[in-house]
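Engineer: In mature numbering (1 follows the signal peptide of the UniProt record, and there is no 0), the protein residues as written are -42 to -1, 1 to 334. Quick reminder that beta carbons are idealized off the backbone N, C-alpha and C, glycines included. Note that this is a predicted model, so its numbers are computed, not measured.
1) In this structure, how does DSSP classify residue 264 when only helix, strand and coil are distinguished?
2) Among 164, 197, 268 and 320, whose alpha-carbon lies nearest the alpha-carbon of residue 61?
3) For residue 35 and residue 98, I'd like the C-alpha separation in whole angstroms.
4) Please report how far the alpha carbon of residue 105 lies from the alpha carbon of residue 91, in whole angstroms.
5) Taking all protein chains shown into account, decide if residue 89 is buried (16 or more other Cβ within 10 angstroms of its Cβ) or exposed.
6) Please state whether the Cβ-Cβ distance between residue 128 and residue 165 is less than 7 Å.
7) Below 8 Å on the Cβ atoms is my contact criterion, and I expect residue 161 with residue 117 to pass it. Report the Cβ-Cβ distance as a whole number of Å.
8) State the start and end residues of the unbroken alpha helix (DSSP H) segment that holds residue 217.
9) Kindly provide the ranges of any beta strand (DSSP E) runs that are 3 or more residues long and lie completely inside the segment 19 to 52, ordered along the chain.
10) Determine the burial state of residue 149: buried for a count of at least 16 other Cβ atoms within 10 Å of its Cβ, exposed for fewer.
11) Buried or exposed, going by whether 16 or more other CB atoms sit within 10 Å of the CB of residue 158?
12) According to DSSP, what are the bridge partners of residue 203?
13) Does residue 18 pass the burial test, meaning 16 or more other C-beta atoms within 10 Å, or should it be called exposed?
14) What do you get for residue 135, buried or exposed, if any count of 16 or more other CB atoms within 10 angstroms of its CB means buried?
15) Starting from residue 286, trace the alpha helix (DSSP H) both ways and give me its first and last residue.
16) State whether the segment 262 to 275 contacts the segment 38 to 57, with contact taken as three or more CB pairs (one from each stretch) at a distance under 8 Å.
17) Residue 274 lies in the beta strand (DSSP E); which residues open and close that run?
18) By how many angstroms is the C-alpha of residue 294 removed from the C-alpha of residue 43?
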């Protein structure tokens, strides 16, 4: 059964500082399961990880990844926790640091938002939400928001509600810090005014992700945890997780979901493979494509991303003279789920560098080193 976490600071606090990468070493054994020509991974009894032979010239360079993990183990910040790399659905590298192991539950902070988005898509798929243009006032408790114009579901998923809830603005009425200080989030929601037309402007907002989770709870008559366990985590073989609740038991769609690094790759594999796992279409493939698509350009306000989809980010990198698009879920401290379709690659990173700007930069550097080690 899913557990609860006591209230804690949640979500992404995105301070954009450059870091001097001190990546580094560990005693835990590195697993390379699919890097030798004609060698297949052992089948798994759990969904989301399947056997997959790897052909010569289509691998991850062992020495480069081993060097990366050695560097990470030497990192004097001691807050990197885990890295799992999957290619073609196989785990090709896995390492844990600083007291964590494959069973450790880790608070992924705002990477949770991408999972909340998946729950909204499942509610849509089940007919609980009519369509992405449905006004959210029809999907929330009466008078929960004081919007002066209709806000569509898709405007919630792309952070363009027009509500005054900017996490990067300390004066914003509905920012994350003010919400966390509230003892009643439903009552708090009624105090957040609309300051611009819906759909006009992207504003990173934990309050908006809270509304997304509230829509799922109100329409399904289930807690966010129970809906996730039944319709998303269960089909993926995720059975251990913890999810903080709000001061009055509200679902925390904006963050504070704790899961293992391995299980984060299951979420990544689901989206990489168009919503399908172990022969089952969990989320409609068209919805998954739409979720990852670049709906809003955000590079002007976020140095780590080019665009925003349905609570998923995307960014293109030049690697070996080629442009490689990466989709990702992102949380405070450098918690990431990276999807790299061009390489059939999923990378999960857990880190407890909460509130420290270098966490995001370090995870991006881990991604780039793995991409440099990945051959077609």
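Structural biologist: So, from the data block:
1) Three-state result, residue 264: coil.
2) Taking only the C-alpha atoms, the option nearest residue 61 is 197.
3) Approximately 43 Å between the Cα atoms of the pair.
4) Pairing residue 105 with residue 91, the inter-Cα distance amounts to about 16 Å.
5) Taking all protein chains in view, the Cβ of residue 89 is surrounded by fewer than 16 other Cβ atoms within 10 Å, so the residue is classified as exposed.
6) The beta carbons of residue 128 and residue 165 sit no closer together than 7 Å.
7) Correct: roughly 6 Å between the Cβ atoms.
8) From DSSP, residue 217 is part of no alpha helix (DSSP H) but of the beta strand (DSSP E) over 215 to 217.
9) Fully enclosed beta strand (DSSP E) runs of 3 or longer: 38 to 45.
10) Around the beta carbon of residue 149, a 10 Å sphere encloses fewer than 16 other beta carbons of the protein chains shown; the residue is thus reported as exposed.
11) By the neighbour-count rule (16 or more Cβ atoms within 10 Å), residue 158 is not buried but exposed.
12) In DSSP, residue 203 forms a bridge with 209.
13) Around the Cβ of residue 18, a 10 Å sphere holds 16 or more other Cβ atoms; the residue is buried.
14) Exposed: under 16 other Cβ atoms inside 10 Å.
15) Residue 286 -> not in any alpha helix (DSSP H); beta strand (DSSP E) instead, spanning 280 to 289.
16) Between the segment 262 to 275 and the segment 38 to 57, the count of C-beta pairs closer than 8 Å stays below three; the two stretches do not touch.
17) Residues 271 to 277.
18) Note on geometry: alpha-carbon atoms of residue 43 and residue 294 lie some 12 Å from one another.
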